[in-house]
Structures are given as structure tokens and as C-alpha cells.
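Structure record follows, encoded as C-alpha cells.
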Amino acid sequence: MIRVGNASLTSLVRLAEVLDVIEQQLTGSDDPEIAVVGRYGTDQVAGGPSPSGVRVRYSSGAEAYLWGAVWPGENPVPMPDELPGRARRAERLTVSVCRLLDAARPAALGSWQLVGLPDLGPVGERGKAPLGIRIVGADGTSVLLRATAAGAPMPED
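Each residue of the sequence shown is one higher than the one before, counting from 36 in the working numbering.
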């Protein structure tokens, strides 16, 4: 059994435990842009009627979400050299989370990869924008997290 904080992983990487790790990383990051990190949804697996995820509210009022999803046809995307701009909060969140995981190297997670998802992203970048993370558990099983965002009351740079 692998322990992550107070959570344990036995034979399968579980969505809730992956989200626990991500929530802990974001909360502990001391990112000055992040006002609140929290959880939502009740699904235990990706693809259900009440998607489980992590919500990040930024000081601007914008929000970004990372949630368990089923989305066929993902494409690995390289880590960008620079963090995407604030106006691209969903992409900014996936890149930030991967950077945090790269630094922390949580034992319960074997690997993680930014992915592009078909039909998602700005025109000209569909399937290439980093709008998801494929996370592989230490046991080899995996979960896909999709990123979405909601705008701020005021436009962001």
C-alpha cells in the first residue's frame, strides 16, 4: 500500500486520490495568483454524471477546473517553456500542475503527461493545446484529467 498524506492507494490509481495529490500540491504552492483551492463533484470514476475535480479560484475572480474525464484520442503535448498567459487559465492550470508534480515527484504517481484533446482548444491549436493531463499511478493504471476555465469579472492579460 502506498500512502499519500492521509490517503492510501492499493491496487488501482483512484480519481479521488489523484485529486487529493493535486489539491495538496496547489494548496501548498503559495502561488500569489491563487485565492482558493477546493474540490467538487461526487463521481468516484471519470465519465459519470457528477464529475469530480479540483477548482482553483484566482485573485482576479477567474476559475479553472481539473476534473476526471473520458476523452478519446488524446495527444501527448510537450511542456511549454513558459507558462500560458492568464487569459488561457485552463492551459495555465495544466502546465502549473505538471510543474508542481515534476518538483514534488509524489510516490503514488508513476508519471504524468500534458495532453491535447481532439476538438478542444483555440482555432488552429485544437488537439495541440495542453488541456488535459494523463496521470499514471505507481501501479500502471491511469486517469485523464481535463481542464476547463470560467472567466473573470474583468478581462485578464
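Idealized CB from N, CA, C, for every residue including glycine.
Predicted, not measured: the structure shown is a model, and the values here were computed from it.
- CA-to-CA, the gap between S146 and V178 works out to about 11 Å.
- Note that the C-beta distance between V53 and L61 is not below 8 Å.
- Per DSSP, T62 is one residue of the alpha helix (DSSP H) stretching across 50-62.
- For the 8 Å CB-CB criterion, A125 and A184 form a contact.
- Under the DSSP assignment, V132 falls in the alpha helix (DSSP H) whose first and last residues are 124-139.
- If you ignore the 5 residues before and after G156, its C-beta comes within less than 7 Å of the C-beta of G162, K163, A164, L166, all in its own chain and listed in chain order.
- Between G159 and P153, the alpha-carbon positions lie close to 12 Å from each other.
- Out of G83, G82, S85, W102, the CA that lies nearest to the CA of V91 is found in W102.
- The criterion of a C-beta distance shorter than 8 Å is satisfied by L50 and S87.
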